[in-house]
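Here the UniProt record's numbering is used: position 14 in the sequence shown is 14, and no number is missing along the way. Beta carbons: idealized from backbone N, C-alpha and C, even for Gly.
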Amino acid sequence: MIQLIQKQNILIMHYREGKSQREIARITGIDRKTVAKYIKQYEQQRKELEQSGNLADPNLLI
Numbered sequence: 001m002i003q004l005i006q007k008q009n010i011l012i013m014h015y016r017e018g019k020s021q022r023e024i025a026r027i028t029g030i031d032r033k034t035v036a037k038y039i040k041q042y043e044q045q046r047k048e049l050e051q052s053g054n055l056a057d058p059n060l061l062i
């Protein structure tokens, strides 16, 4: 089971450092499909927050 900190690191590597999913998978040892799943989940949750108006500044998220 992946820990929350690992999930956070995946998102940081992807969004802040600009690393590809394949690169992240190689660095972390986590399957590429799992990396893709976490990025997709994050994007969906961010979209829902933005649409609900509960997010004052969308740039505050990763």
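Proximity of residue i and residue j at Cβ, strictly below 8 Å
i: Ile39; j: Leu4; result: no
Nearest neighbour of residue i, chosen from the options [CA to CA]
i: Lys37; options: Arg22, Glu50, Gln51 and Glu48; result: Arg22
i: Met1; options: Gln41, Thr34 and Tyr42; result: Thr34
Alpha carbon of residue i to alpha carbon of residue j, nearest angstrom
i: Ser20; j: Arg32; result: 10 Å
i: Arg16; j: Gly53; result: 24 Å
i: Lys7; j: Lys47; result: 18 Å
i: Met13; j: Gln44; result: 18 Å
Neighbourhood of residue i by C-beta distance below 6 Å, restricted to the same chain and skipping five residues each side
i: Tyr42; result: Leu11
Three-state class that DSSP yields for residue i in the structure shown
i: Ser20; result: coil
i: Gln3; result: coil
i: Asn54; result: coil
i: Ile12; result: helix
Beta-carbon contacts of residue i that lie in its chain and below 7 Å, excluding the five residues immediately before and after
i: Ala25; result: Asp31, Arg32 and Val35
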